[in-house]
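What follows is a short report on a single structure.
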Amino acid sequence: MRRELDLGLLVAVAMLVTFGVTMVYSASGSDVWRSQGLYAVISVFVAVAIVYVPEKLFYDLAYPLYGLGMLSLVVVLVWGTGNPARWLAIGSLRLQPAEFAKIATIMAIARFLGDQSSERVSGPRAIVLAVLLAVLPMGLVARQPDLGTAVSFGAALIPMLYWAGMRPLHVFFLTAPMLSVVFSFEPLWQDQAPIVFALFIILSSVIIQLLLARLWVTLTLLGVNLSAGLVTTYLWANFLRGYQKARIMTFLNPESDALGSGWNIIQSKIAIGSGGPTGKGFLQGTQSKYEFLPAAHTDFIFSVIGEELGFVGSIFVLSLFLFVIWRCLYVGTVANNRFASLLAVGLGSMLAFHVFVNVGMTIGVMPVTGLPLPFLSYGGSSLLTNCLAVGLLLHIYAHRHEY
Amino acid sequence: MDPEVLEDWARKLRGLMTLAGLLFAILLLRLFHLQITTADDYAKESEDNRITQKRLKAPRGLILDRDGEVIARNRAAYSIQLIRGSRESDAQAIAALEEATGESVKLGKRGRERTVRLKRDVSFPTVAIVEERLRDEWPLDVEIEPQRFYPFGALTSHLIGYLGEKQDDLTGPGGRPYIAGDYVGQTGLERVYEDSLRGWDGVGYLEVDVRERVIKEHPFPDRERAPRPGRDLKLTIDVDIQLAAVNALPDSLAGSVVALDARNGAILALVSHPSFDPNVFVSYGSQAERQRLIQDPRKPMLNRGIQGGYPPGSTLKMIASVAALESGVTDTLSTFAACAGSLQVGDVVFRCLNRDGHGELNLLEATEVSCNIYFNHLAQILGIEAWHDYAARFGFGAPTGVDLEPSELSGILPDRRYHQERDGWVTGHLMNLVIGQGAMLVTPLQMARYVAALGNGGYLVTPHLQGDAPPPVRIEGVSDATLDIVRRSMYRVVYGDHGTGKRAQIEGILLAGKSGTAQGPRADDDAWFVSFAPYDEPEIAVAILIEGGGGGGTHAAPVARAVMEAYFLDQARHGAMAVDLDGRHRGGS
Ligand SMILES: [Zn+2]
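Those protein sequences? They're chains A and B, same order as listed.
Converting from the first sequence to the working numbering requires adding 1292 to each position, the first position being numbered 1.
Converting from the second sequence to the working numbering requires adding 2 to each position, the first position being numbered 1.
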């Protein structure tokens, strides 16, 4: 049986993965690039192999995989290794269940929403159930603690709800208070929190007013946003003791403060900024070579790209990502059923969220959360998961004319 | 799929892509700002990260004695440094160091520097522990710096002074900065010549990683500047004479020895006993030892040669002789009323050393036996003004201007006013002053200069430790004839049948001197002896003081002999080195 591959997506992802192994080699200065290369080969092979899986299998497996994913998240809470405990050790293999749980959750939400008609999705019952499907893994991952990954479940859910038929206004009202909490949360933004929050309030109000031109809706939204933000600020400032705050900071950001406040971000910005227009040259980055930049081959791989390849290299990588994200969503528009379409959108949204948060972190516009950069950061679980997702997309694309 | 659905999806695709495009635009703008607009600033910060500027400490100049013997040099000292990270990693590294060395380590206040000195001047085993076991695992390193070392220890401490650690950063003369922890001269020559001794620090560059491990040495060879060592300081001191003086002084008593070149004031020896080892001030961890020195009731830190004020006793009698001869009160042959062992003036009784009385004496005889009654009589005729005038001309009551210490003592030379302001004037005061008692206080250095002037034909020299001799000044109103008589009286002190200073005699060299036994604040009298030699053309002038030493002729004169012997032995050894430095005034005597 001949299947038509989405060559554009495949080539772009292959370029990112190859580029990732190369930059891991430069950033680590050790042999870890070999294992990353091995993972890369396996992952791309898996991605292509998935194309040949029978059409209905993923739909049938969606709920069992979700159950398995949740189970593994519970298991990692109990038997996990590492600090914080995010890994399951099986023999010499170290896996991050949260990575696989992401795909399983997106599959389950896609199946659930796909089974509903567009009209039903605009009602509260379907929305609440879909939110619950996402909240369960969010809570489990947040317990690890890993806030970035937890939030990423929500980041995939919202576009899927929108895609499935939830009315934009409702999406807005669902999202805005959550964003208010995030944007007003002082530990994330430090002294810029008031500015970030104010910008968000103004922007969201303006957008809703322009879209609907109904003042009472805008004012309601404004009120909801303001109260969410102010309550957050008030609780943080008045109801938490020093050690509780410290625990929340660690919860938000377990790896960030190893060398004093903001060290990672300062060094990352120095790395990227000192790269200039064309970079210091491959293997010439002093920030990573001399270890000023922590986690250079994992969370801060983009900083190494910025330092060694400059603005040109940064643009090249971002363009590839934007292309891949567009391709994911495009696959969603040509899918032959609601499940497949929603799956493509969820996976594309998850990818976009990771790219934005990770790159944003390295250049100081997003807080430090420890989310890896898909395809590029060192780490087998992450690479394999992302290629699994690509495989699913290739699968959806290849089967688009069936039914 | 239903075309309606497909169209709905296409619309939503445009919506989501617009959102994604907006988010990416934020990233793009930010990247443009970092990598294009402000790239130069970050490039500089990146360089600051990896390039460490290193101060190359200039070694202090050497201090040498007149024969080139090194009195102060530099040794290598090893410091343990911490390359700072987070508070936790600092604490862990310190804990590791403490465990490995078994000594406690204190981390000072947190500054901006990336490295901080944990332990200074550590032992070699500690260096080995850090180099071999700790350095790879912890952010610790070993630094070598030049450290002062005084090979003669306590022998030269009062001359050299000592160093102390600067507590704060500050800019010294010539824009040369001191950094907290630098050693700076606190007293003595180390202080006086600080500016020329300290040298000029250099600048070096290292390319380092985040743990300050060196990746590349000299990344910018043309930007570096080598340190310039401080200028060496060649002294007039002779450590052999210095050593002879220390050995001759009784160990149990405090005392001082000053030996000058009688012709130009060059200080050959300046000893104060008890002494201290100046090395404890530059060796880390000697805090307790330093504290003990400062609190020691025997005051080992006091430089008695220039900071100790003592009544000079009979060694001062030559002032009265000079004044009397110059003002015609007496001459060589005249005698005063016979010494009966004591003299009553009003209700005060003045006593002579010889309780049976010396009988009738002339000036030469009175000096030889050190008869107090003779000089008491002299004083009554002389008057305070004349005596004070001549004492001042010989430099009493004023600092000598030695290039050693701003805190040089002036001593006290009382005049009529001095007593009027305190206890009222009576002639009895002068009768005490002429025999070096009463309120009179002198330093051993003043005494050495005074005896040098008596010996060298009336030239007042400026005592100095290095460099060119300031020109000696002929004391006005003191004739050669007067000086000749006084010199002869001092000759008789050493060689006369009844001379009190016989113990100063040296085989083969003629000399002159005067003993003194002064009543000071202590239970026992202070022993004095001043002398110059050779008698005909004096080269060396010596003043000896032993606190509570008893009779000067008995106890101080042998010390003077030992010092002068050492001098002449050294001269003989160097043979032709005796250069005629003082042709200007040698003919005077
Ligand atoms: Zn007498």
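Note that CB positions come from ideal geometry on N, CA and C, so glycine has one too.
Coil, strand or helix - residue i by DSSP
{"i": "A:L1297", "result": "coil"}
{"i": "B:Y180", "result": "strand"}
{"i": "A:Q1559", "result": "helix"}
{"i": "B:G330", "result": "coil"}
{"i": "B:E423", "result": "coil"}
{"i": "B:T173", "result": "strand"}
{"i": "B:C341", "result": "strand"}
{"i": "B:L500", "result": "The question names Leu, yet the displayed sequence has His at residue 500 of chain B. In the structure shown, B:H500 sits in coil (DSSP, three-state: anything other than H, G, I, E or B)."}
{"i": "A:R1506", "result": "coil"}
{"i": "B:F283", "result": "helix"}
{"i": "B:Y461", "result": "strand"}
{"i": "B:K46", "result": "helix"}
{"i": "B:W202", "result": "strand"}
{"i": "B:Q244", "result": "helix"}
{"i": "B:E167", "result": "strand"}
{"i": "B:F396", "result": "coil"}
{"i": "B:R89", "result": "helix"}
{"i": "B:A580", "result": "With a pLDDT of 45 at B:A580, under the threshold of 50, the modelled position of this residue cannot be trusted, and the question is left open."}
{"i": "A:G1406", "result": "helix"}
{"i": "B:L142", "result": "strand"}
Test: residue i CB closer than 8 angstroms to a CB of chain A
{"i": "B:V51", "result": "It is worth fixing the name first, because residue 51 of chain B is Asn in this sequence and not Val. Answer yes: the Cβ-Cβ gap between B:N51 and chain A drops below 8 angstroms somewhere."}
{"i": "B:D4", "result": "no"}
{"i": "B:R137", "result": "no"}
{"i": "B:D211", "result": "yes"}
{"i": "B:L406", "result": "no"}
{"i": "B:M19", "result": "yes"}
{"i": "B:I181", "result": "no"}
{"i": "B:W11", "result": "yes"}
{"i": "B:A102", "result": "no"}
{"i": "B:F26", "result": "yes"}
{"i": "B:Q37", "result": "yes"}
{"i": "B:I217", "result": "yes"}
Contact set between residue i and chain A, taken where Cβ atoms lie within less than 8 angstroms
{"i": "B:D43", "result": "G1565"}
{"i": "B:T40", "result": "G1565"}
Short CB-CB distance (under 8 angstroms) between residue i and chain E
{"i": "A:K1561", "result": "No chain E is part of this structure, whose protein chains are labelled A and B."}
Residue-chain proximity (residue i, chain B), Cβ-Cβ < 8 angstroms
{"i": "A:T1625", "result": "yes"}
{"i": "A:P1659", "result": "no"}
{"i": "A:V1651", "result": "yes"}
{"i": "A:Q1328", "result": "no"}
{"i": "A:Y1582", "result": "yes"}
{"i": "A:T1397", "result": "no"}
{"i": "A:I1617", "result": "yes"}
{"i": "A:P1664", "result": "no"}
{"i": "A:G1672", "result": "no"}
Residues bridged to residue i [DSSP beta-bridge criterion]
{"i": "B:N76", "result": "B:R150"}
{"i": "B:Q55", "result": "B:Y207"}
{"i": "B:Q293", "result": "For B:Q293, which the question treats as bridged, DSSP gives no partner whatsoever."}
{"i": "B:Q468", "result": "B:L237"}
{"i": "B:V118", "result": "B:L84"}
{"i": "B:V259", "result": "B:V273 and B:I546"}
{"i": "B:A529", "result": "B:T519 and B:I548"}
{"i": "A:A1381", "result": "A:R1386"}
{"i": "B:F352", "result": "B:L345"}
{"i": "B:L443", "result": "B:I414"}
Chain A contact residues for residue i, given Cβ-Cβ distances below 7 angstroms
{"i": "B:R32", "result": "I1655 and V1657"}
Residue i: contacting residues in chain B (beta-carbon distance under 8 angstroms)
{"i": "A:I1334", "result": "By Cβ distance, chain B contributes nothing, its closest Cβ being about 29 angstroms from A:I1334, past 8 angstroms."}
Contacts of residue i in chain B (Cβ-Cβ under 7 angstroms)
{"i": "A:W1243", "result": "The structure shown does not extend to residue 1243 of chain A, since chain A is modelled only from 1293 to 1695, so the question has no answer here."}
{"i": "A:Q1484", "result": "Result: empty, since nearest Cβ-Cβ is about 14 angstroms, beyond 7 angstroms."}
Does the segment 1306 to 1314 of chain A come close enough to the segment 1643 to 1659 of chain A that 3 or more CB-CB pairs lie under 8 angstroms?
Verdict: no, contact absent.
Counting Cβ pairs, one atom from each stretch, are 3 or more of them under 8 angstroms apart for the segment 1595 to 1615 of chain A and the segment 1623 to 1642 of chain A?
Too few Cβ pairs lie closer than 8 angstroms, so no.
Is the segment 55 to 75 of chain B touching the segment 87 to 107 of chain B, taking contact as three or more C-beta pairs under 8 angstroms?
Result no; under three Cβ-Cβ pairs closer than 8 angstroms.
Would you check if there are 3 or more beta carbon pairs closer than 8 angstroms linking the segment 1466 to 1479 of chain A to the segment 1520 to 1530 of chain A?
Yes, they touch.
With three or more C-beta pairs closer than 8 angstroms as the rule, is the segment 378 to 390 of chain B touching the segment 433 to 445 of chain B?
Note that the segment 433 to 445 of chain B touches the segment 378 to 390 of chain B; at least 3 beta-carbon pairs, one per stretch, sit closer than 8 angstroms.
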